[in-house]
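Residue numbers (my numbering): 105 to 183.
What follows is the structure, encoded as structure tokens:
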């Protein structure tokens, strides 16, 4: 498993730590994809598609871990 940096936010929650780890993993994977594309191992279109998919996963993670939690804390109903 990858090693992650520590989350140092004042608003520490297990969900925020999990999202922080997902964010670091996203950044690491994007860096790898860019490196592969730069060295001609994958096309620009393929690199873009892979990064776009990773972005969608990160966005979903934020919605699941952070946004839904905030809505519940404020007494709002989330779908």
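Beta carbons: idealized from backbone N, C-alpha and C, even for Gly.
Test item: CB-CB of residue i and residue j under 8 Å
i, j, result
"residue 127", "residue 162", "yes"
"residue 141", "residue 148", "yes"
Contact set for residue i: own chain, Cβ-Cβ below 6 Å, skip 5 residues either direction
i, result
"residue 145", "none"
Cβ shell of residue i (< 7 Å), same chain only, five flanking positions each side left out
i, result
"residue 153", "none"
"residue 113", "120"
Same chain, Cβ closer than 8 Å to residue i, neighbours up to 5 away in sequence not counted
i, result
"residue 173", "117, 119"
"residue 115", "none"
Quick test of the definition: if touching needs 3 or more C-beta pairs under 8 Å, does the stretch 112 to 124 touch the stretch 136 to 150? Taking 8 Å as the limit for Cβ pairs, the verdict is that the stretch 136 to 150 does not touch the stretch 112 to 124.
Give the list of continuous alpha helix (DSSP H) stretches no shorter than 4 residues that lie fully inside the stretch 113 to 145. Scanning the stretch 113 to 145 from its first residue to its last, the whole alpha helix (DSSP H) runs of 4-plus residues come out as 118 to 142.
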